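Contents: one structure, followed by commentary.
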Amino acid sequence: MMYFGIDQLLQSAAPWKTLRLGLVTNEAATTRTLIPSRKALLEAGFRIVVLFSPEHGLDARGADGKPMPDGTDPLTGLPIISLYGQRLQPRAEDLADVDALVFDIPDIGARFYTYLWTLTHIMEAAAAHHKPLYILDRPNPVSGRLSLAEGPLLAANTASFIGRWPIPIRHSCTYGELAGYFRATRNMDLSLTVIPCRDWTRDMLQSDWGIPFVPTSPAIQQFEAMLLYPGLCLLEATNLSEGRGTDHSFQSVAAPWLSHEALAGILNQLLGDELQCTPAVLRPAQGKYQGQACNAVCFRVKEPLHFQPVSFGLLLIRLIRDMHPDNFAWAPYPTQVNPDGSGHLDKLLGMADSAALFDQPFQSFMATVMRITAAGDWAGEVNNHLLY
15 MMYFGIDQLL QSAAPWKTLR LGLVTNEAAT TRTLIPSRKA LLEAGFRIVV
65 LFSPEHGLDA RGADGKPMPD GTDPLTGLPI ISLYGQRLQP RAEDLADVDA
115 LVFDIPDIGA RFYTYLWTLT HIMEAAAAHH KPLYILDRPN PVSGRLSLAE
165 GPLLAANTAS FIGRWPIPIR HSCTYGELAG YFRATRNMDL SLTVIPCRDW
215 TRDMLQSDWG IPFVPTSPAI QQFEAMLLYP GLCLLEATNL SEGRGTDHSF
265 QSVAAPWLSH EALAGILNQL LGDELQCTPA VLRPAQGKYQ GQACNAVCFR
315 VKEPLHFQPV SFGLLLIRLI RDMHPDNFAW APYPTQVNPD GSGHLDKLLG
365 MADSAALFDQ PFQSFMATVM RITAAGDWAG EVNNHLLY
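Position 240, counted from 1, in the sequence shown is what our numbering calls 254; the numbers after and before it change by one each time, with no gaps.
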């Protein structure tokens, strides 16, 4: 069975456990036996004095893009400082009584999943205030196979909190690996220690770990959603539902006007070896089309180690746009970090004027998709920082 960084740490003698520690974590961060990391560390004698929480809050249940308040953890009684509210990065006063920072939050392997960028803010704060940073590493749940990395690489003029620095959308790395890469490429003067996982190999998926799935945020309730998220998250920039508020969140596309049976037929013909596409009717309890009956196509990935979700997401939007030119529309996506929701597709894709891509003739569009989703020399870029 595979061991997380937290499990490795608990089995070792850590001379720094008596330092005053600030732990960046949430409820999704557990040991392999599903004990919350913060509880396990306290019980092992680690001197945690404050908790820092990312988007969705410490309980990992807060609504997408909504600011989260500071508070007190009911499990441990420790103060919680939110890093998705009044601040994105700890301030000097937040770190005044902290000797070192510890980061333990799970990832789902996509650039625009914001926990990664909270890590980068923690790295910057640790460097600025001369605090050592310990990362308790976790596997990439959709594998670390670098041949599956998918672009586009982020362009600097599209940087935001859902993509600060140039990496592919599907990066195929762990947070510990990316932290080492960022420290080197951003020239950070940072004391960084990564406690690696044990018995994880780069071809392993979450379903291979032998550890039950723990939802990482409200809309990621199943492992299947992680496989599809790098592509279906692009639907946020449209008037199509990505399944939020249903049992098929990030496993479907839906709208009242969608020709779902025709769409499912086309997709099964094009991608049937890798993806099962099933027409359905969904009624979202929240999000787009709340309470309305929506025609939907639900997706199941048949070949996780071959499926390319970003390419699929782009193709899906193009097909629906062509099928429903009078219904389909681009849409803003307001969040705490982008209050008017403007430019969301550009921020997701990391490309300026990205909507123009969909105006190309279909064959040109497909050729462009192949070109921009290629990850280039990403594998070579990160090679010196790989831990597994």
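Virtual Cβ for every residue (Gly too), placed ideally from N, Cα, C.
Keep in mind the model is a prediction, meaning the values are calculated, not measured.
Along the chain, where does the beta strand (DSSP E) containing residue i start, and where does it finish?
| i | result |
| --- | --- |
| Ser263 | Unbroken run through Ser263: none, as it is neither H nor E. |
| Val208 | Leu206 to Ile209 |
| Asp118 | Ala114 to Asp118 |
| Pro293 | Leu289 to Leu296 |
| Arg314 | Cys308 to Val315 |
| Leu150 | Leu147 to Leu150 |
Nearest by alpha-carbon distance to residue i: which of the options is it?
| i | options | result |
| --- | --- | --- |
| Ala345 | Ala307, Lys302, Leu328 and Leu371 | Lys302 |
| Asp261 | Val295, Leu272, Gln290 and Thr252 | Val295 |
| Val38 | Arg46, Pro68 and Ala269 | Pro68 |
| Thr349 | Ile119, Glu164 and Ile176 | Ile176 |
| His399 | Thr207, Leu362 and Gly91 | Thr207 |
| Val383 | Ala370, Glu395 and Gly357 | Ala370 |
| Thr172 | Gly357, Arg297, Ile225 and Tyr148 | Gly357 |
| Asp287 | Glu275, Ala269, Val315 and Gly59 | Val315 |
| Pro270 | Ile234, Val311 and Gly364 | Val311 |
| Glu395 | Phe196, Glu275, Asp213 and Met218 | Phe196 |
| Pro375 | Arg335, Gly364, Asn397 and Thr387 | Arg335 |
| Phe441 | Gly279, Thr252 and Gln283 | No answer is possible for residue 441: it lies beyond the span of the chain, which begins at 15 and ends at 402. |
| Glu317 | Asp217, Thr86, Thr32 and Asp121 | Asp217 |
| Leu147 | Arg105, Val116 and Val63 | Val116 |
| Val156 | Ala106, Trp223, Gly279 and Ala170 | Trp223 |
| Asp118 | Gly305, Arg105 and Glu41 | Glu41 |
| Leu249 | Ala142, Asp360 and Pro120 | Asp360 |
Is it the case that the Cβ atoms of residue i and residue j are separated by a distance below 8 Å?
| i | j | result |
| --- | --- | --- |
| Arg34 | Arg52 | no |
| Leu93 | Arg184 | It is Pro, not Leu, that sits at residue 93 in the sequence shown. It is not a contact, given that the beta carbons lie outside the stated cut-off. |
| Gln25 | Pro210 | no |
| Leu272 | Pro323 | no |
| Pro298 | Cys308 | yes |
| Cys247 | Glu256 | yes |
| Cys167 | Pro182 | For clarity, residue 167 is Leu in the given sequence; the question names Cys instead. Closer than 8 Å, so yes. |
| Phe342 | Gln265 | no |
| Leu46 | Ile234 | A small correction: the amino acid at residue 46 is Arg; Leu does not occupy that position in the sequence shown. Their beta carbons are not under 8 Å apart, which means Arg46 does not touch Ile234 by this criterion. |
| Ala163 | Ala366 | no |
| Gly194 | Gly390 | no |
Could you check where the alpha helix (DSSP H) with residue i kicks off and where it finishes?
| i | result |
| --- | --- |
| Asn352 | Element bounds for Asn352: n/a, residue is neither H nor E. |
| Asn282 | His274 to Leu285 |
| Pro323 | Pro323 to Met337 |
| Val396 | Trp392 to Val396 |
| Phe237 | Phe237 to Leu246 |
| Ile234 | Per DSSP, Ile234 belongs to no alpha helix (DSSP H) and is neither H nor E. |
Pop quiz: residue i and residue j are said to be a contact at Cβ under 8 Å. What is the actual Cβ separation, rounded to whole angstroms?
| i | j | result |
| --- | --- | --- |
| Phe126 | Leu362 | 5 Å |
| Arg159 | Leu401 | The Cβ separation is near 15 Å, so there is no contact. |
| Met202 | Ile122 | The pair is not a contact, with the Cβ atoms about 25 Å apart (cut-off 8 Å). |
Can a CB atom of chain B be found closer than 8 Å to the CB of residue i?
| i | result |
| --- | --- |
| Arg335 | Reference to chain B is not applicable here, since this structure consists of a single protein chain. |
Check whether the segment 180-196 touches the segment 144-161, counting contact only when three or more Cβ pairs, one atom from each stretch, lie closer than 8 Å.
-> Three or more pairs of CB atoms, one per stretch, sit closer than 8 Å, so the segment 180-196 contacts the segment 144-161.
Counting Cβ pairs closer than 8 Å, one from the segment 124-144 and one from the segment 68-80, do we hit at least three?
-> Output reads yes: the segment 68-80 touches the segment 124-144.
Is it a yes or a no for the segment 106-113 touching the segment 220-238, going by three-plus beta-carbon pairs under 8 Å?
-> Contact between the segment 106-113 and the segment 220-238 is absent, because fewer than three Cβ pairs lie under 8 Å.
Are the segment 40-54 and the segment 77-97 in contact at 8 Å, needing three or more beta carbon pairs?
-> With a cut-off of 8 Å, the segment 77-97 and the segment 40-54 count as touching, because enough Cβ pairs lie within range.
Determine contact between the segment 317-337 and the segment 371-379, defined as no fewer than three beta-carbon pairs at a distance below 8 Å.
-> Note that the segment 317-337 touches the segment 371-379; at least 3 beta-carbon pairs, one per stretch, sit closer than 8 Å.
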